[in-house]
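Colleague: Pasting a structure here, questions to come.
Residue numbers (our numbering): -3 to 485.
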């Protein structure tokens, strides 16, 4: 809590103590340094020397020689850009030298709009800095299709396993994950999948996604039998691989946005060229971007719990529009500025709005985990929530939803809709109807084949389901896409 001091730990692995499965956490030495922030710059050369000491470099080679092999941690940008409560880093740290990889896939990431690219870049650059400064580990950045790039990186570093988050529900990322995992398996690399689910022991976990109850009341009732999973901290140590595979480096954010504009579909570029010059920026985008930075969302959670929802909202959301650059704000931003003119955010926001606007963007990129948010809500008010194994998603009090209940709702409803998306996709992939409400038949139009049901995140965080089907005689798909792109640019 004290911003004046930083606590830094140094750990050097003894090569002769490295053992294959399970690896023993034996350390040659450990030091604890309490230094003023201004002195931190002065000790960084010492930190670098310790992290790159020959004994530490030898430890990664010894682990590989003993059969552990390098461990790839594939960072997709889909709710996995963090160190704490990260199943991939946690498992990899205990198995061998760690090689974190981010693949800038044009088919996935370059389809994002500028605000989403800025959030992705902020989270990635923050994670890259944390890996380097806290563990001496390099984030390997490559470009291309993940199915081609990852097997190549695995071959370069002799990786025996790749840790990757469970399949996303957005179509481009889901396709990329499945293709890359298949390619890694074909090349002999073991796959280690992980997820950030709030509960364990649920009958709808994993491959049984289609068994999820179709309505929230049924789901909430069934979830009472499941156990809330505690959030894990960051790994105590990560062993860097020496030598590390080369990294192409993370491009600058403006260069990334320009590249995405060039890679956009012709219909989208045409719509942008014909569209008006009016801004389409979302309100409070400055807050959303800041929350994707290093430690920002965790600090926001502490402020929300300690100071209260009202004080948090007033301090965080004082301005909806960014500083004027000579142009007019978007209508959306201007509308929120008018709301704030009538009173502070705590008076004009909806019950869950402050928590959703602040934490939602960080959850989407993975700067903070859903378990960390749920834990903050449970621990912030003694006696509010039930025991870990009994807290249901709809834990409403007789007098209404409390501020901490509203915080819990941010992740509880997010998880419900994500599970529902997995359920719909699993049903459609099995050739069944993916309708969510009591399996009612869809009539009145000709539905497309199962693979035409898909999901995307509006604004990078709000999950939306869409269906595509034939438009009928005389329909011009190119014209329709141009109109839709112009309307939503």
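Just so you know, even glycine gets a beta-carbon here, dropped at the ideal spot from N, CA and C. As the structure is a computational prediction, the values presented were derived from the model and not from experiment.
(1) Leaving out five residues before and five after residue 402 in sequence, what residues of the same chain have Cβ atoms less than 8 Å from its Cβ?
(2) On the DSSP bridge assignment, give the partners of residue 224 in chain order.
(3) Hey, how far is the Cα of residue 41 from the Cα of residue 129?
(4) Indicate whether residue 167 and residue 451 have their beta-carbon atoms separated by less than 8 Å.
(5) Could you give the distance in angstroms between the alpha-carbon of residue 169 and the alpha-carbon of residue 317?
(6) Is the beta carbon of residue 256 closer than 8 Å to that of residue 100?
(7) Three-state secondary structure (DSSP) at residue 348?
(8) Taking the alpha-carbon positions, what's the residue 191 to residue 337 distance?
(9) How would you label residue 302, buried or exposed, when you count the other beta carbons within 10 angstroms and need 16 or more for buried?
(10) I'd like to confirm something about residue 358: is its beta-carbon nearer than 7 Å to some heavy atom of the ligand MN, or not?
(11) Taking all protein chains shown into account, do 16 or more other C-beta atoms lie within 10 angstroms of the C-beta of residue 298, making it buried, or fewer, making it exposed?
(12) Quick check on DSSP: helix, strand or coil for residue 146?
(13) By Cβ distance below 6 Å, which residues in the same chain neighbour residue 164 in space, the five residues on each side in sequence not counted?
(14) Let's see if you can read the secondary structure: which residues bound the beta strand (DSSP E) around residue 507?
(15) The beta strand (DSSP E) with residue 67 in it runs from where to where?
(16) According to DSSP, is residue 469 helix, strand or coil?
(17) Taking DSSP as the reference, what is the three-state secondary structure of residue 166?
(18) Do you know how far the Cα of residue 186 is from the Cα of residue 307?
(19) Which same chain residues, not among the five before or five after residue 136, have their C-beta less than 8 Å away from its C-beta?
(20) Below 8 Å, can you find three or more Cβ-Cβ pairs linking the segment 224 to 234 to the segment 116 to 125?
(21) Locate the beta strand (DSSP E) running through residue 189, then write down its first and last residues.
(22) What are the uninterrupted segments assigned as alpha helix (DSSP H) that are 4 or more residues long and contained completely in the segment 288 to 322, given in chain order?
(23) Kindly indicate the opening and closing residues of the beta strand (DSSP E) around residue 218.
(24) Only counting the same chain, and skipping five residues up and downstream in sequence, which positions put a Cβ closer than 7 Å to that of residue 77?
(25) Leaving out five residues before and five after residue 328 in sequence, what residues of the same chain have Cβ atoms less than 7 Å from its Cβ?
(26) For residue 422, which of helix, strand or coil comes out of DSSP?
(27) Under the assumption that residue 131 contacts residue 234 (Cβ atoms under 8 Å), give the Cβ distance between them as a whole number of angstroms.
(28) Specify whether the segment 175 to 189 and the segment 150 to 163 touch according to this definition: at least 3 beta carbon pairs, one from each stretch, less than 8 Å apart.
(29) In this structure, how does DSSP classify residue 160 when only helix, strand and coil are distinguished?
(30) Between 245, 229, 330, which lies nearest to residue 291 when the distance is taken from Cα to Cα?
(31) Residues in the same chain with beta-carbon distance under 7 Å from residue 195, minus the five sequence neighbours each way, listed in chain order, please.
(32) Which value, in whole angstroms, describes the spacing of the CA atoms of residue 555 and residue 113?
(33) Inspect the beta-carbon positions of residue 335 and residue 373 and report whether they are closer than 8 Å.
(34) Pull up the distance between the alpha-carbon of residue 456 and that of residue 425, whole angstroms please.
(35) Give me the Cα-Cα distance between residue 109 and residue 146, rounded to the nearest whole angstrom.
(36) Taking 8 Å as the cut-off, decide whether the C-beta atoms of residue 325 and residue 86 are in contact.
Modeller: In terms of the structure at hand:
(1) 305, 347, 348, 351
(2) Within the DSSP secondary-structure output, residue 224 pairs in a beta bridge with 195.
(3) With a pLDDT of 44 at residue 41, under the threshold of 50, the predicted position of this residue should be treated as unreliable, and no value is reported.
(4) yes
(5) 31 Å
(6) no
(7) coil
(8) CA-CA distance, residue 191 to residue 337, rounds to 42 Å.
(9) An exposed status is given to residue 302, since fewer than 16 other beta-carbon atoms sit within 10 Å of its beta-carbon.
(10) Judged by which ligands are present, the structure shown has none, so any question about the ligand MN falls away.
(11) exposed
(12) helix
(13) 74, 170
(14) The structure shown does not extend to residue 507, since the chain spans only -3 to 485, so no value can be given for it.
(15) 66 to 71
(16) coil
(17) Reduced to three states, the DSSP call for residue 166 is strand.
(18) 48 Å
(19) The answer, listed in chain order, is 95, 96, 97, 98, 149, 240, 241, 242, 243.
(20) Judged by Cβ distances under 8 Å, the segment 224 to 234 makes no contact with the segment 116 to 125, as fewer than three pairs qualify.
(21) 186 to 190
(22) 292 to 303, 305 to 312
(23) No beta strand (DSSP E) holds residue 218; the alpha helix (DSSP H) holding it covers 212 to 219.
(24) Result list for residue 77: 71, 119, 120, 123, 361, 362, 363, in chain order.
(25) 278, 279
(26) helix
(27) At roughly 4 Å, the Cβ-Cβ gap stays under 8 Å, so residue 131 and residue 234 are in contact.
(28) Verdict: yes, contact present.
(29) strand
(30) 229
(31) 219, 222, 223, 224, 225
(32) An answer regarding residue 555 cannot be provided, because it is not within the stretch -3 to 485 covered by the chain.
(33) No, the Cβ-Cβ distance between residue 335 and residue 373 is not below 8 Å.
(34) 25 Å
(35) 25 Å
(36) no
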